[in-house]
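Below is one structure, written out as structure tokens, with a few remarks after it.
Protein chains in written order, with my numbering: chain A, 22 to 399; chain B, 22 to 399.
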């Protein structure tokens, strides 16, 4: 592990959470909203530090609006957990009991003819309950109405993302030393998960090991396939460390690579580098996608790059801003996102290279810094 | 492990999934719906066998309606995974590409002025996207519109729930042998997780270890508290085995119990037994709750039983029917649910006893059968 990884971030305080909620109120008003409705998941963790042990059918909702104290509605039996959250002293709390109507309780915290943003991952059941209780209220997804709510990271958050990236890099350095040939993808995936934890992650979210033809399926996780000499293997892994995400991809060759693998890998590497070099404040997100795509298209593989170039990262590993055609949002210092072009040759192999990048005043900086040259493993 | 636990259930076939979708169409029509919209989670697993590796912001939706082949809309990069699902040959498939509008693609599969049920846990963002694309379409939560969709288990499902229950029971028998006093709750929780896996679970969902005052918080998971002699400890654990859930609770005493703990435990045991004996076809769900609550109220602890008596269980560990005041649904053979009364004495201790119960033609049968007497551990 690198020396810097031992650093422990300063804990977020109740004042930090209060400040986030206060800024959110201002942003909501600017966006023409009367308030924001937040449900368990990344929005709630970011605003209050509260992460229920499970997201269930029982309604938990935070209401943030001008001229009121932010208020969390919780099932009574989850109230002790909510009261133990780091940001609990920054919010009011009210509860509801099994057998009563939680939407009636929620509607008392909303303006009946108001417009509200609601967490993307709020359950449809809960939104329908609110819509039924308040037929004149209008709702919009937070990622549509306030897509930049969590996008600009402060120094503490940047520090955590940097630590998570360094831990993922240390994981990659270690995985290069394990045996690939003759072992199952799931065995290497288990190594990745173990290493992420050993390097400091408290949560492992994904450990993609896509060997040979499986690498041509970008969302293949890891299967029973036994890795063979001559395979390209896509390794895409990450999780949470100090509450913030890591996500990096390298493609390795088991034994000496074929000429074609070298060529395809070099195209992807050039696409990743070109997109990285395009990062600076004021550039539209879609431009990052276009730059990466142009390199791959010019090399004749445009049809084989079948996903967007990147996604934001923070308290969760997929969030706005997205580096995708049609996203006109301008990059600003403090935004963090993946740059992960790939080429997928169906039935044969895939190559993807991914770093997390942060926008600085003058350009971009990488939170992943392992060698992008094609590494050979045993 | 018990001898029966080595049995392996017959795999669900494409025909099984097709039959479930065909029955769902009939039920939807009977409920006045024009179709059903299903998103990743328990509904989708139950109908198609497809469980995406992650539930993300990218839209995946199954459309089931009369006079059309059930059709799954997937992100193109997840299509290979979807095509590998056990029920894939029972459905049509169509995909969408990053940067295009998935709701436009979805709206082509829906009747513009229709009424549709939608999975409870569908993301609000996706429901809002559909509502925006189809302003005249009406949506209702599936647990409201078709609450019994997954409630009546067939023999294969009952067999799996029985196996999961037996594995949870074997876990409890083993945990009685470990040391409690002087170890942290998280240590015992780790033992429970390991034992559940050793006994055949492929997924561990919760391992509650609520010692002393922590047991008085029904949703406490497990913390740093060091368990002491004299503690009551609530053990509530479960997960998935062969895709079906387990969920059982026993409260144990570390060393000899106090007279008060014995008394409270006996009240909860009698409440659990009385509710179990009330189970038979034709009884309203709320009656099960009332029977358990009456025993506890008569003993003077009515205010200390702060949650419903139970929840359904199947491919997920919380689903309809709920044993709660106001739920008038009548019990039918094949329904499976928890009976889990409890008494919570704030700041001191809690007691809960939980078995999974299945409704038979003549009454109820337990899938958990460990001794309900108060067990003493070291």
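Yeah, the Cβ is synthetic: ideal placement off N, Cα and C, and Gly gets one too.
Nearest-angstrom beta carbon gap, residue j and residue i [assumed within contact, 8 Å]
{"i": "residue 196 of chain B", "j": "residue 163 of chain B", "result": "Incorrect: roughly 36 Å between the Cβ atoms, too far for contact."}
{"i": "residue 278 of chain A", "j": "residue 363 of chain A", "result": "At roughly 16 Å, the Cβ-Cβ gap does not stay under 8 Å, so residue 278 of chain A and residue 363 of chain A are not in contact."}
{"i": "residue 251 of chain A", "j": "residue 307 of chain A", "result": "Not quite, the Cβ-Cβ distance comes to about 37 Å (not below 8 Å), so this is no contact."}
{"i": "residue 229 of chain A", "j": "residue 258 of chain A", "result": "7 Å"}
{"i": "residue 191 of chain A", "j": "residue 243 of chain A", "result": "Actually they are not in contact, since the Cβ atoms of residue 191 of chain A and residue 243 of chain A sit about 20 Å apart, beyond 8 Å."}
{"i": "residue 76 of chain A", "j": "residue 97 of chain A", "result": "Rounded, the Cβ-Cβ distance is 17 Å, inconsistent with contact."}
{"i": "residue 199 of chain A", "j": "residue 212 of chain A", "result": "5 Å"}
Residue i versus the options, residue with shortest Cα-Cα distance
{"i": "residue 150 of chain B", "options": "B:113, B:265, B:79", "result": "B:79"}
{"i": "residue 288 of chain A", "options": "A:322, A:344, A:357", "result": "A:322"}
{"i": "residue 386 of chain B", "options": "B:179, B:204, B:103, B:119", "result": "B:179"}
{"i": "residue 245 of chain A", "options": "A:207, A:272, A:383", "result": "A:207"}
{"i": "residue 395 of chain B", "options": "B:374, B:337, B:54, B:273", "result": "B:273"}
{"i": "residue 184 of chain B", "options": "B:349, B:31, B:367", "result": "B:31"}
{"i": "residue 350 of chain B", "options": "B:75, B:168, B:65, B:160", "result": "B:168"}
{"i": "residue 136 of chain A", "options": "A:99, A:317, A:152", "result": "A:152"}
{"i": "residue 281 of chain B", "options": "B:366, B:46, B:383", "result": "B:366"}
{"i": "residue 141 of chain B", "options": "B:127, B:354, B:227, B:171", "result": "B:171"}
{"i": "residue 134 of chain A", "options": "A:116, A:158, A:115, A:125", "result": "A:158"}
{"i": "residue 316 of chain A", "options": "A:293, A:328, A:304", "result": "A:293"}
{"i": "residue 203 of chain B", "options": "B:318, B:248, B:392, B:304", "result": "B:248"}
{"i": "residue 337 of chain B", "options": "B:56, B:89, B:174, B:216", "result": "B:174"}
{"i": "residue 391 of chain B", "options": "B:305, B:295, B:290", "result": "B:290"}
{"i": "residue 121 of chain A", "options": "B:357, B:327, B:374", "result": "B:327"}
{"i": "residue 73 of chain A", "options": "B:146, B:227, B:319", "result": "B:227"}
{"i": "residue 297 of chain A", "options": "A:218, A:29, A:359, A:382", "result": "A:359"}
Short Cβ contact (8 Å threshold) for residue i with residue j
{"i": "residue 260 of chain B", "j": "residue 335 of chain B", "result": "no"}
{"i": "residue 113 of chain B", "j": "residue 69 of chain B", "result": "no"}
{"i": "residue 105 of chain B", "j": "residue 95 of chain B", "result": "no"}
{"i": "residue 20 of chain A", "j": "residue 189 of chain A", "result": "Residue 20 of chain A cannot be examined here, being either before or after the span of chain A that is shown, 22 to 399."}
{"i": "residue 234 of chain A", "j": "residue 370 of chain A", "result": "yes"}
{"i": "residue 309 of chain B", "j": "residue 331 of chain B", "result": "yes"}
{"i": "residue 276 of chain A", "j": "residue 397 of chain A", "result": "yes"}
{"i": "residue 148 of chain A", "j": "residue 92 of chain A", "result": "no"}
{"i": "residue 81 of chain A", "j": "residue 60 of chain A", "result": "yes"}
{"i": "residue 269 of chain B", "j": "residue 377 of chain B", "result": "yes"}
{"i": "residue 166 of chain A", "j": "residue 52 of chain A", "result": "yes"}
{"i": "residue 312 of chain B", "j": "residue 354 of chain B", "result": "no"}
{"i": "residue 83 of chain B", "j": "residue 54 of chain B", "result": "no"}
{"i": "residue 146 of chain B", "j": "residue 85 of chain B", "result": "no"}
Residues that residue i contacts on chain A, provided the C-beta gap is smaller than 8 Å
{"i": "residue 238 of chain B", "result": "98, 101, 102"}
{"i": "residue 347 of chain B", "result": "120"}
{"i": "residue 164 of chain B", "result": "78, 146"}
Contacts of residue i in chain B (Cβ-Cβ under 8 Å)
{"i": "residue 39 of chain A", "result": "Neighbours of residue 39 of chain A on chain B: none; closest Cβ ~26 Å, over 8 Å."}
{"i": "residue 148 of chain A", "result": "145, 148, 149"}
For residue i, three-class secondary structure by DSSP
{"i": "residue 135 of chain A", "result": "coil"}
{"i": "residue 288 of chain B", "result": "helix"}
{"i": "residue 50 of chain A", "result": "helix"}
{"i": "residue 279 of chain B", "result": "coil"}
{"i": "residue 223 of chain B", "result": "coil"}
{"i": "residue 274 of chain B", "result": "strand"}
{"i": "residue 322 of chain B", "result": "coil"}
{"i": "residue 396 of chain A", "result": "strand"}
{"i": "residue 40 of chain A", "result": "helix"}
{"i": "residue 193 of chain B", "result": "helix"}
{"i": "residue 168 of chain B", "result": "coil"}
{"i": "residue 101 of chain B", "result": "helix"}
{"i": "residue 23 of chain A", "result": "Reliability fails at residue 23 of chain A, whose pLDDT of 44 lies under 50, so the model's placement of it is uncertain and no value is given."}
{"i": "residue 333 of chain B", "result": "strand"}
{"i": "residue 89 of chain A", "result": "coil"}
{"i": "residue 116 of chain A", "result": "strand"}
Interface residues of chain B facing residue i [CB-CB closer than 9 Å]
{"i": "residue 255 of chain A", "result": "Near residue 255 of chain A there are no residues of chain B at all, since even the closest Cβ is about 13 Å away, more than 9 Å."}
{"i": "residue 329 of chain A", "result": "119, 120"}
{"i": "residue 375 of chain A", "result": "Ordered by position in chain B, no residue passes the 9 Å Cβ test against residue 375 of chain A, which lies about 14 Å from the chain."}
{"i": "residue 74 of chain A", "result": "227, 229, 240, 241, 242"}
Proximal chain B residues relative to residue i, where beta-carbon distance stays under 7 Å
{"i": "residue 316 of chain A", "result": "Residues of chain B passing the Cβ test: none, with the nearest at roughly 18 Å."}
{"i": "residue 112 of chain A", "result": "Ordered by position in chain B, no residue passes the 7 Å Cβ test against residue 112 of chain A, which lies about 19 Å from the chain."}
{"i": "residue 160 of chain A", "result": "149"}
{"i": "residue 339 of chain A", "result": "77, 78"}
Proximal residues of chain A, C-beta to C-beta of residue i below 7 Å
{"i": "residue 129 of chain B", "result": "Residues of chain A passing the Cβ test: none, with the nearest at roughly 20 Å."}
{"i": "residue 141 of chain B", "result": "78, 144, 145, 146"}
CB contact check: residue i to chain E, cutoff 8 Å
{"i": "residue 266 of chain B", "result": "Any reference to chain E falls outside this structure, whose protein chains are A and B."}
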